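In the working numbering, the protein residues as written are 20 to 186. Every residue gets a Cβ at the ideal spot worked out from N, C-alpha and C, and that includes glycine. It should be emphasised that the depicted structure is a prediction, and the values quoted were computed from it without experimental measurement.
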């Protein structure tokens with residue numbers, strides 16, 4: 020039987036919709052993937068988890084910034100910060116750290132396939148450095164959270180969005 024030291028739960032999904040047009044199906048889908056999926060992934064991994072390990076989840080800066088049309092997605096990601104705070108207390112005797120890694124807009128094949136040049140320019144216009152993040156920049160933050168270098172980081176939401184949420 021194997022053991023787990025690090026778990027990165029990186030579920031994500033949801034679609035945009037104005038408040039007056041949100042359907043129960045959209046709500047259920049986003050919360051099923053982002054909130055429910057994350058909770059049960061962590062729960063099922065716990066029996067295999069070594070004491071002193073690290074759990075972190077992928078949040079979204081949409082839960083911090085208030086993007087129009089994204090309330091359901093943002094809400095389903097905001098849940099993760101609450102999970103982290105509660106699970107830190109629940110797992111304290113096992114010394115398992117729990118955090119949220121919250122990226123901003125990052126270039127990826129998926130993003131490139133859905134963003135036309137105008138949309139990409141709009142995304143980049145709100146980032147202080149005027150360009151989307153790179154996958155390796157997020158990977159560096161993930162490596163930090165997985166490592167003992169973050170041994171005193173617990174119950175936190177670490178935002179890696181190029182400063183988007185602070186301006």
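Range of the contiguous beta strand (DSSP E) that encloses residue i
i: residue 94; result: Unbroken run through residue 94 is the alpha helix (DSSP H), 90–109; no beta strand (DSSP E).
Start and end residues, alpha helix (DSSP H) containing residue i
i: residue 84; result: 81–84
i: residue 26; result: No alpha helix (DSSP H) holds residue 26; the beta strand (DSSP E) holding it covers 23–28.
i: residue 136; result: 136–144
Reduced DSSP secondary structure (H/G/I, E/B, other) of residue i
i: residue 71; result: strand
i: residue 78; result: coil
i: residue 60; result: helix
i: residue 42; result: coil
i: residue 55; result: helix
i: residue 178; result: strand
i: residue 185; result: helix
Classification of residue i by the beta-carbon crowding that lies within 10 angstroms, buried from 16 upward
i: residue 215; result: The first residue shown for the chain is 20 and the last is 186, placing residue 215 beyond what the model contains.
i: residue 157; result: buried
i: residue 69; result: exposed
i: residue 153; result: exposed
i: residue 140; result: exposed
i: residue 77; result: buried
i: residue 99; result: buried
For residue i, the residue or residues it bridges with in DSSP
i: residue 48; result: Paired residue(s): none; residue 48 is not in a bridge.
i: residue 160; result: Answer is none; residue 160 lacks a bridge partner.
i: residue 152; result: 125
i: residue 117; result: 74
Distance cut-off 7 Å: residue i Cβ against heavy atoms of the ligand ATP
i: residue 177; result: The ligand ATP is absent from the structure shown, which contains no ligands of any kind.
Counting Cβ pairs closer than 8 Å, one from the segment 86–106 and one from the segment 117–125, do we hit at least three? yes
Tell me whether the segment 106–113 and the segment 131–151 touch, counting them as touching only if at least three CB pairs, one residue from each stretch, are closer than 8 Å. no
Any contact between the segment 172–180 and the segment 78–86? By contact I mean 3 or more CB pairs, one from each, below 8 Å. Cβ pair count under 8 Å is three or more, so yes.
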